[in-house]
Structures are given as structure tokens and as C-alpha cells.
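Here is the structure we will look at.
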Amino acid sequence: MSYASLSPCRQSSLPYIKPIFPPIASSNLLSTNMTTSSPYNIPKPFRIAIIGSGNWGTAVAKLVAENCAEKPEIFEKQVNMWVFEEDVGGRKLTDIINTDHENVRYMPDVKLPENLVANPDIEKTVEGADLLIFNIPHQFLPRICKQLIGKVSPKVRAISCLKGLEVDADGCKLLSQSITDTLGIYCGVLSGANIANEVARGNWSETSIAYNVPADFRGEGQDIDEFILKEAFHRTYFHVRVIKDVIGASIAGALKNVVACAAGFVEGAGWGDNAKAAIMRIGLKETIHFASYWQKFGIKGLSAPESTTFTEESAGVADLITTCSGGRNVRVARYMIENKVDAWEAEAKLLNGQSSQGIITAKEVHELLENYKLQDEFPLFEATYRIIYENADINEWPVLLETN
1 MSYASLSPCR QSSLPYIKPI FPPIASSNLL STNMTTSSPY NIPKPFRIAI
51 IGSGNWGTAV AKLVAENCAE KPEIFEKQVN MWVFEEDVGG RKLTDIINTD
101 HENVRYMPDV KLPENLVANP DIEKTVEGAD LLIFNIPHQF LPRICKQLIG
151 KVSPKVRAIS CLKGLEVDAD GCKLLSQSIT DTLGIYCGVL SGANIANEVA
201 RGNWSETSIA YNVPADFRGE GQDIDEFILK EAFHRTYFHV RVIKDVIGAS
251 IAGALKNVVA CAAGFVEGAG WGDNAKAAIM RIGLKETIHF ASYWQKFGIK
301 GLSAPESTTF TEESAGVADL ITTCSGGRNV RVARYMIENK VDAWEAEAKL
351 LNGQSSQGII TAKEVHELLE NYKLQDEFPL FEATYRIIYE NADINEWPVL
401 LETN
């Protein structure tokens, strides 16, 4: 499908002040500044498919399904969600989701929309989809994408909710770019200060969608543009800002997990809020510095990452603060220090079969910096790697950061 695009979302130069709202009790309310009235004719509603049903995957699937149910002139009502089949109490997880409308494994006690349909067959899940939303642990992305080769049209668009980087001997690749290269479809990024359980329960938050379709992917217009993305993701309790900086949003989303591990280490050591604030400051600085090497690292993009993405957008500093305040990366890192165990024992104890992305990303970042002999320019990232993989003592932390 091909439609006329709208003008880009206006970027205000004024500082953004986050309002304080109580949890939204009803998920059926529409935002006062959003409309389901399309600015152009849509001859066939868009079909959306979700790939992944973990904690965050289920939260995103819930809000997207809510929107699809309310906007039949824009979206097909049914939203298919691929689920890695598991046995839970003698029942298949897909059967539980489709019958009880609850993901008891990864998002218990949250009622899911009845138009959200779980499917264990990934090919059937994506069949006929116009928009794919990837939301799986990033280490599984290559295998999942290989299963989809030849199964999706080049006209399909995608949004990656994954946090991480793909590193090899040739350099660094964004996960969204990996999806594009493997499947031949354009992929943007959703990233922000979004704790899954809070979003699923309708607590107010905001997010960034970085989306900038290259000219060689377009037909006569943007078939899925910022209007369609806002209609798909924006809720009264989940505010969306569409930006164009895919590289910046991706790097910020990946590296904040490493910084969160560092925050968890100092929390586990009992060093207090001053130390944690220092970790966040240094982590933000190193993240921006890392982004400055985007061309050196071989990252593909239409333009250089923007500093404002890191300092003004939800995908940047807001996500960093939220992730360092809690979440699985902090919990795992804190448990490691408090109980003197390795990361994998901590994950097994705390995460109910899920993984801590910061643990994986710390290794990938170290390998990249080592390949380019840049370790000395990133003492926080290197110190975090050493504690996870080389059993460095947390009490050495001040010395490890001395070059900063």
C-alpha cells in the first residue's frame, strides 16, 4: 500500500517538562490529541503481528491490540502474537492466553484484549502482516529472522523493541538494521522509559519511535508513516513521540542496560545514591561518546546520531534513569554483589527463565572496543565487563574508573 505522507512531527526547542498523572483506570479512553480519523483514504486496513510474548512483548501487544480494536478503519481488529510454546501447569501457554486472556508466564494478573491471538507458528503469525513488531531477547533475533526469510513481502514495515547490538569482526550493526538486511524490509525502533509491568497496568509513560524510511524503500509515499505508527502505539497512558534518529535511539537503548548493571553493582555494594548518580552521569557520557564512533564502527544510517536524542528524548536519558532505578539488570547485578555469585546464577534465581540484556551487551561492547583498541576511552563499560566476566572486585571500582 502507498499513501501520501504527513509532515514530520514538530520538534519543540523548549525544554520538555514531564507531567505527573495517576494510573489510567480505563484502557478504552482515547488521547485528547489523537484521532482515529485518517488524513487519507485507506482502502485496506493494516494487519499487525507481534513477534514475541515475554514481559515487554506482552505489554506492547496489549496496547497495540487495544488500538486495533478501536480503529477498524485503520487496522484489522485481530492482532496475532507469536508465542514460544511452553507448558504451564499442564496447559499450553497459547491456549491459556487465547482462553483466559492472560499471559500467566510472563505477565500474570493483567487482562489481555480478546482480539490478541497467540500462535505458536511464527509463519502463520506473520502471514499477510503489514507491520511486524519484534519483541524478543536480542540473542534470538538471527534465528527468528532466518525462519522468516521469504515469508514476508518487501512492502512490510517493522518496528524493533529490542535492546542490544550485533557485534562481529566487521564492526557493529543495529538490531533494526539486522532485520532489514536479513528480511529486506525497513525497520524502525521503539525505545523509551518503559517498565513493562507499569505500561501493562495503564500507568502513564512516554516512549520514542525512531523511524526514517530511506528513499529506496519507498514507493510513491510512506505506506506506514508517523500517523499510522502513532495510531498503532499511542494510548492515553502511553504517549508516543516520533523522531528520525534511529542510530541514536538504538545505541541509547542498548547501552543503558550496561549502565544499569553498573548501577546495580554499586547498589549491591551499599554505596548509596551519590555513587549511583555518578554511574548514570558517566554512563550517559560514554554512551554519547560511543555514538560518535558510529561510522568507525560501520553502523549504517541516513544521518549521524543527534545529541538531543540522548539528552531530551525518552529513548535517551529518561530510559537510562528508569533502567538504573530498577528492573532486571539492576536486580541481577545487585544480587551478584550481595551474594557473591556470577551473573548466570543470579539470572536463574531472579528472572523466571528470562535474561538480563545488560550482561550480554556488556560482552558485545567490550569485544567491539577491544577490536578497535578503544577500551581506555570507556572505563565504565570496561569496568562493568570485568566484574561480570573476569570476577573483578567491586572495591576496585574507583580505580577502574580513574581514567574517566
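Numbered per the UniProt record's numbering, the sequence shown finishes at 404, counting up by one with no gaps.
Don't be surprised by glycine CBs; every beta carbon is placed ideally from N, CA and C.
Quick caveat, the model's predicted, so the values are computed rather than measured.
Task: Continuous alpha helix (DSSP H) stretch holding Y186: start and end - done: Element bounds for Y186: not the alpha helix (DSSP H) but the beta strand (DSSP E), 186-191.
Task: Strand pairing of G164, partner residues [DSSP] - done: Residue pairing from DSSP leaves G164 without any beta-bridge partner.
TODO: Entirely within the region 34-70 and at least 4 residues each: give me those alpha helix (DSSP H) ranges in chain order.
DONE: 55-70
- [ ] Express the C-alpha separation of C145 and H138 in angstroms, rounding to a whole number.
- [x] 11 Å
Open item on the list: Counting beta carbon pairs with one atom in the region 47-66 and one in the region 77-94, are three or more of them shorter than 8 Å?
Closed with: yes
Open item on the list: Between which two residues does the beta strand (DSSP E) holding R281 run?
Closed with: For R281, no beta strand (DSSP E) encloses it; the enclosing alpha helix (DSSP H) starts and ends at 272-291.
- [ ] Might you give, ordered along the chain, the residues of its own chain that have their beta carbon closer than 7 Å to the beta carbon of I337, omitting 5 neighbours on each side?
- [x] For I337, the CB contacts under 7 Å within the same chain, skipping 5 residues up- and downstream, are F265, G268, A269, I394 in chain order.
Task: M336, enclosing alpha helix (DSSP H) - first and last residue - done: 328-339 is the span of the alpha helix (DSSP H), which, as asked, contains M336.
Task: Whole-angstrom distance between A65 and A129, CA atom to CA atom - done: 14 Å
- [ ] Out of E70, N194, F134, G150, state which residue places its alpha-carbon closest to the alpha-carbon of P113.
- [x] E70
Task: Distance CB(L229)-CB(I251) smaller than 9 Å - done: no
Open item on the list: Does D87 come out as helix, strand or coil in the three-state DSSP assignment?
Closed with: Three-state result, D87: strand.
Task: Element boundaries [beta strand (DSSP E), containing T207] - done: 205-210
Open item on the list: Among K296, I42, Y335, whose alpha-carbon lies nearest the alpha-carbon of D170?
Closed with: Of the candidates K296, I42, Y335, the one whose C-alpha sits nearest the C-alpha of D170 is K296.
- [ ] Alpha carbon to alpha carbon, how far is W397 from D376? Give it in angstroms, no decimals.
- [x] When the Cα atoms are used, D376 and W397 turn out to be separated by approximately 15 Å.
- [ ] Determine the direct distance from the alpha carbon of S160 to that of L190, and round the result to whole angstroms.
- [x] 6 Å
Open item on the list: Any heavy atom of the ligand MG inside 8 Å of the beta-carbon of E73?
Closed with: The model on display carries no ligand, and the ligand MG is accordingly not part of it.
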